[in-house]
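S.K.: Just dropping this structure here.
In this note's numbering, the protein residues as written are 2 to 220.
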């Protein structure tokens, strides 16, 4: 279809009519038009499962990697497909190549982090996430993964950074400020924690947790 949305509507209709193979025939060439579309990868996965052709996702995503067409949903699908093929190490190597070729493509580093984590390289995963966050410091999905990974690794420096950026990206949610302040205090940066909380108190004057943490820190 000339209109990229036609791949989605046509693929959906074919899956709903019990023709997942036909849906895949339509969806596979649609990847070059819809590689940034989360719904596309969900539909591709559904069609592949119903057609019992899980390799279809690897076919699409490997082609997109070769073409240098990256997005967060695409790299997640790529890494998952390689894991299904028991080829996580290969995915790490391929995404490391891509990171050199596309040093400013955030999605490459996000995918590399996921692949390294599945390959039991937590430190390498965090380093890849560092770069992803450098490239997209306001991307909430990336920041939330960064925060979770930092906490899982007991890394308060990265956790403070992650929650500080989340507090900026989602300024109406006081939880991120509290987390940031807690990690700053853990790092021995009590004055910075107090400053963050004082700023937050102006935005959330009735927040009892912010007031309580300020009192506890002597601020």
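Just so you know, even glycine gets a beta-carbon here, dropped at the ideal spot from N, CA and C.
If you pair each beta-carbon of the stretch 120-136 with each one of the stretch 146-160, do three or more pairs fall below 8 Å?
M.R.: yes
S.K.: Locate the alpha helix (DSSP H) running through residue 220, then write down its first and last residues.
M.R.: Careful: residue 220 lies outside any alpha helix (DSSP H) and carries neither H nor E.
S.K.: Here's the rule I'm using: 16 or more other beta-carbon atoms within 10 Å means buried, otherwise exposed. How should residue 121 be labelled?
M.R.: exposed
S.K.: Quick one: residues in its chain with C-beta nearer than 6 Å to the C-beta of residue 133, no 5 flanking neighbours on either side, listed in chain order?
M.R.: 107, 110, 111 and 143
S.K.: Got a sec? Which residues, its chain only, sit under 8 Å from residue 81 by beta carbon, not counting five neighbours each side?
M.R.: If you ignore the 5 residues before and after residue 81, its C-beta comes within less than 8 Å of the C-beta of 58, all in its own chain and listed in chain order.
S.K.: State the Cα-Cα distance for the pair residue 218 and residue 193, rounded to the nearest angstrom.
M.R.: 11 Å
S.K.: Helix, strand or coil, according to DSSP, for residue 72 in the structure here?
M.R.: coil
S.K.: What did DSSP end up calling residue 104 once you bin it into helix, strand or coil?
M.R.: coil
S.K.: Can at least three beta-carbon pairs, one atom from the stretch 33-50 and one from the stretch 70-85, be found at a separation below 8 Å?
M.R.: yes
S.K.: Go through its chain and collect everything with a Cβ distance to residue 78's Cβ below 6 Å, but skip five positions before and after it.
M.R.: Only 42, 58 and 62 meet the Cβ criterion.
S.K.: Take residue 138 and list the residues in its own chain whose beta-carbon comes closer than 6 Å to its own, dropping the five residues that flank it on each side.
M.R.: The beta carbon of residue 138 sits closer than 6 Å to the beta carbons of 166 from its chain, once the five residues preceding and following it are set aside; these are given in chain order.
S.K.: Along the chain, where does the alpha helix (DSSP H) that runs through residue 55 open and close?
M.R.: It is not in any alpha helix (DSSP H) - residue 55 carries neither H nor E in the DSSP assignment.
S.K.: Let me make sure I understand the geometry here. Which of 89, 160, 155 and 145 has the alpha-carbon closest to that of residue 170?
M.R.: Answer by Cα proximity: 145.
S.K.: Let me confirm a value: residue 155 is counted as buried when at least 16 other C-beta atoms fall within 10 Å, else exposed. Which label applies?
M.R.: exposed
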